[in-house]
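Position in the sequence shown counted from 1, then plus 3, gives you the working numbering. Note that the Cβ used here is the ideal one computed from N, Cα and C, for glycine as well. What follows is a single structure, written as structure tokens, with notes after it.
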Amino acid sequence: MKNGRLIAILFSVVLSPVGLSAAERYNILFLFADDHAYDSIGLMTDGYVQTPTMDTLASTGVYFERAYNMGSWSGAVCVASRTMLNTGRSLWNAKRLQKGNQLLKHKSWSQRLQSAGYRTFFAGKWHVKGYDPEQLFEFCGTIRPGMPSTDGDHNRPIEGVADRWSASDLMLEGYWEGGKHWSVVTADETIEFLQNYGRDNDGKPFFAYVAFNAPHDPRQSPQSYLDRYPVESVPLPHSFMESYPYTNQIGVWNVRAERMAPRPRTEFAIKTHRREYYALISHLDTQLGRIIDTLKEEGLYENTVIIYTADHGLSLGNHSFMAKQSMYDHSLASPFIIAGPEIPKGVRSKQRIYIQDVVPTTLEIAGQSRSDYADIEFESLLPLGRDGSSGHTVPIYGGYKNLSRCIVHGQWKLIYYTNVDKFRLFDLETDPNELMDVSDLPENRAVIERLSKILMMQQKTLGDEQVSMGAF
Numbered sequence: 004m005k006n007g008r009l010i011a012i013l014f015s016v017v018l019s020p021v022g023l024s025a026a027e028r029y030n031i032l033f034l035f036a037d038d039h040a041y042d043s044i045g046l047m048t049d050g051y052v053q054t055p056t057m058d059t060l061a062s063t064g065v066y067f068e069r070a071y072n073m074g075s076w077s078g079a080v081c082v083a084s085r086t087m088l089n090t091g092r093s094l095w096n097a098k099r100l101q102k103g104n105q106l107l108k109h110k111s112w113s114q115r116l117q118s119a120g121y122r123t124f125f126a127g128k129w130h131v132k133g134y135d136p137e138q139l140f141e142f143c144g145t146i147r148p149g150m151p152s153t154d155g156d157h158n159r160p161i162e163g164v165a166d167r168w169s170a171s172d173l174m175l176e177g178y179w180e181g182g183k184h185w186s187v188v189t190a191d192e193t194i195e196f197l198q199n200y201g202r203d204n205d206g207k208p209f210f211a212y213v214a215f216n217a218p219h220d221p222r223q224s225p226q227s228y229l230d231r232y233p234v235e236s237v238p239l240p241h242s243f244m245e246s247y248p249y250t251n252q253i254g255v256w257n258v259r260a261e262r263m264a265p266r267p268r269t270e271f272a273i274k275t276h277r278r279e280y281y282a283l284i285s286h287l288d289t290q291l292g293r294i295i296d297t298l299k300e301e302g303l304y305e306n307t308v309i310i311y312t313a314d315h316g317l318s319l320g321n322h323s324f325m326a327k328q329s330m331y332d333h334s335l336a337s338p339f340i341i342a343g344p345e346i347p348k349g350v351r352s353k354q355r356i357y358i359q360d361v362v363p364t365t366l367e368i369a370g371q372s373r374s375d376y377a378d379i380e381f382e383s384l385l386p387l388g389r390d391g392s393s394g395h396t397v398p399i400y401g402g403y404k405n406l407s408r409c410i411v412h413g414q415w416k417l418i419y420y421t422n423v424d425k426f427r428l429f430d431l432e433t434d435p436n437e438l439m440d441v442s443d444l445p446e447n448r449a450v451i452e453r454l455s456k457i458l459m460m461q462q463k464t465l466g467d468e469q470v471s472m473g474a475f
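This is how it looks when you write it as structure tokens:
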């Protein structure tokens, strides 16, 4: 692409990328993880979690500390997140598209980019019901299910009792099913695509959607990665709790992943699970490094926009939860990095965005105008200011089934539990780990009233007809 073309997209108020030829457009490499919480990366842990590739990528671009998933209509949060991602529709409208054959009538993210002149590639975890990736992408590697399967990784470990499961035992298969760790396979297939089709004589740019199952459980990695995190060195999460009020009413306690650790939670069990989690993240980081190294070796790096994020977060002991069905940031939020030509470098942004904002962002990079994707419900991050700001003003909404809702606006987060008819209120400026519920303070009644109205407005805007506020 000619120098300065994307800078005009990034920093101008009036965008005018329409009419760019395929040869003038940047490649797009979308690196997508599963269950990567916002606080489990080197940049958020003073380097304790070893993610040199992610940290280096962030230093060359913009790193958003909080990218939110809207939630889920089912316990399989990844299905909802990925359906939103591939349709560009918000939570409840994405759910509506899954009824009947509606998805087949809806142009997917990859199809939009293919129409814009991109060669498209997919490998890894799919988990979108109603779309067949082999019909949506020109090239496909191995298509994976929601998670690897292995036995014995639940209700463990118990301190003082020999652990019946090992995260590095190849005989348990799981991530090693087929003979090679799934993260390595996904990286290998992406590297092969880049080497064979990254630079093609027809001048087409590529869109590579690379979806790792990691760091979703079973959290298996080579022993050398586990050795980086001795159990005794693993810090407990900031909001570690043995148990949480309302667990039965809010529908979190009974999902599969909540049974992975003994209940009530113990410090030893949580440290062990987090050790395995961090090891798998570091192993994933190595695979990302291999892919980015290939971009450089093939002469593609300077002309490629690279995006790294995940479908949602993961609790792993925060507020006593193990999974991702709560309305707390550790469940909803993931890291989000965008780097590439003409993108501001070394910027760390606290601006809240949605993970699925990547869809309109990439469509703009591909030369599409807003009218081309008027049905997309998320916001493009472009133009990015030099400080990483993108001008987003929409409050962050979250919902889980008909059981809980939240709104994040300004310094506040308001959570509502339907079956309890209970609000929980957190001041994120003074309490970023959401430890102190201040909903019962008389001076905050007006705050709750204001936020509940904003939440109801967002429900109306997003087509959420499942929950009404009972407390006000």
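- Quick one: what does DSSP say F125 is sitting in, helix, strand or coil? If you number the sequence shown from 1, residue 125 lands on position 122. Correct three-state label for F125: strand.
- Please name the residue in S171, F35 and L60 whose C-alpha comes closest to that of A342. Along the sequence shown, one-based indexing puts residue 342 at 339. When the alpha-carbon of A342 is set against those of S171, F35 and L60, the nearest one is in L60.
- According to DSSP, is R266 helix, strand or coil? Locating residue 266 in the sequence shown gives position 263, counting from the first residue. In the structure shown, R266 falls within a coil segment according to DSSP collapsed to helix, strand and coil.
- Message: Any heavy atom of the ligand FAD inside 8 Å of the beta-carbon of L438?
- Response: Summarising the ligand content, the structure contains no ligands, and the ligand FAD is consequently not present.
- Query: Where DSSP assigns a beta bridge to R351, which residues make up the other side?
  - Reply: Working through the sequence shown from its first residue, we reach residue 351 at position 348. Beta-bridge partners of R351 (DSSP): Y66.
- Message: Am I right that M472 and Y419 are in contact with their C-beta atoms under 8 Å? What's the rounded C-beta distance?
- Response: For the purposes of this step, residue 472 is identified with residue 469 of the sequence shown, where counting begins at 1. For the purposes of this step, residue 419 is identified with residue 416 of the sequence shown, where counting begins at 1. That pair is a contact at about 6 Å.
- Task: Check whether the Cβ atoms of A282 and Y331 lie closer than 9 Å to each other.
- Result: Counting from one through the sequence shown, the residue named residue 282 turns up at place 279. Counting from one through the sequence shown, the residue named residue 331 turns up at place 328. No, Cβ-Cβ distance for A282 and Y331 is not below 9 Å.
- Would you call the region 199-206 and the region 258-274 in contact, with 3 or more CB pairs under 8 Å? Fewer than three beta-carbon pairs drawn from the region 199-206 and the region 258-274 are found closer than 8 Å, and the two stretches are therefore not classed as touching.
- Quick one: what's T307 bridged to in DSSP? As a first step, residue 307 is located in the sequence shown; it is residue number 304 there, counting from the start. For T307, which the question treats as bridged, DSSP gives the partners N30.
- Query: Nearest CA to the CA of M73: which residue from Q138, D390, E432 and G401?
  - Reply: Taking the first residue of the sequence shown as position 1, residue 73 is located at position 70. Measuring from the Cα of M73, the nearest candidate turns out to be G401.
- Message: I'd like to check one pair, V213 with G127: are the Cβ atoms closer than 9 Å?
- Response: Stepping through the sequence shown from its first residue, residue 127 is reached at position 124. Stepping through the sequence shown from its first residue, residue 213 is reached at position 210. Yes, the Cβ-Cβ distance between G127 and V213 is below 9 Å.
- Have a look at the DSSP bridge pairing and note the partners of N321. The residue you call residue 321 lines up with position 318 of the sequence shown. In the DSSP secondary-structure assignment, N321 is bridged to F243.
- Since T153 and E141 are thought to touch, with beta carbons under 8 Å apart, how far apart are those beta carbons, to the nearest angstrom? Taking the first residue of the sequence shown as position 1, residue 153 is located at position 150. Taking the first residue of the sequence shown as position 1, residue 141 is located at position 138. The distance from the Cβ of T153 to that of E141 is about 33 Å, inconsistent with a contact at the 8 Å cut-off.
- Evaluate the contact criterion for the region 376-389 versus the region 92-108: three or more CB pairs, one atom per stretch, below 8 Å. Using a C-beta cut-off of 8 Å, the region 376-389 makes contact with the region 92-108, since at least three inter-stretch Cβ pairs fall below that distance.
- Quick one: which unbroken beta strand (DSSP E) runs of 3-plus residues sit fully inside the region 180-249? Chain order, please. Fully enclosed beta strand (DSSP E) runs of 3 or longer: 209-214.
- Message: I need the straight-line Cα distance from L387 to Q371, nearest angstrom please.
- Response: The residue labelled residue 387 in the question sits at position 384 within the sequence shown. The residue labelled residue 371 in the question sits at position 368 within the sequence shown. For the pair L387 and Q371, the Cα-to-Cα distance works out to about 17 Å.
- Task: Identify whether P338 lies in helix, strand or coil by the three-state DSSP scheme.
- Result: In the sequence shown, the residue the question calls residue 338 occupies position 335. P338 falls in the strand class under three-state DSSP.
- Quick one: using the 10 Å Cβ neighbour count with 16 as the cut-off for buried, is N30 buried or exposed? Translated into the one-based positions of the sequence shown, residue 30 becomes position 27. With 16 or more other Cβ atoms within 10 Å, it is buried.
- Item | Option nearest C81 by Cα separation, candidates Q359, S224 and W168 | Stepping through the sequence shown from its first residue, residue 81 is reached at position 78. Per the Cα distances, Q359.
- Item | Bridge partner(s) assigned by DSSP for C81 | In the sequence shown, counting from the first residue as 1, residue 81 sits at position 78. None, per the DSSP bridge assignment.
- Message: Going by C-alpha to C-alpha distance, which of K353, R85, Y311 and R373 sits closest to E68?
- Response: By one-based count along the sequence shown, residue 68 stands at place 65. When each option's Cα is compared against that of E68, the closest is K353.
- Quick one, are the C-beta atoms of S323 and Y403 less than 9 Å apart? For this step, residue 323 is matched to residue 320 along the sequence shown. For this step, residue 403 is matched to residue 400 along the sequence shown. Cβ atoms of S323 and Y403: not closer than 9 Å.
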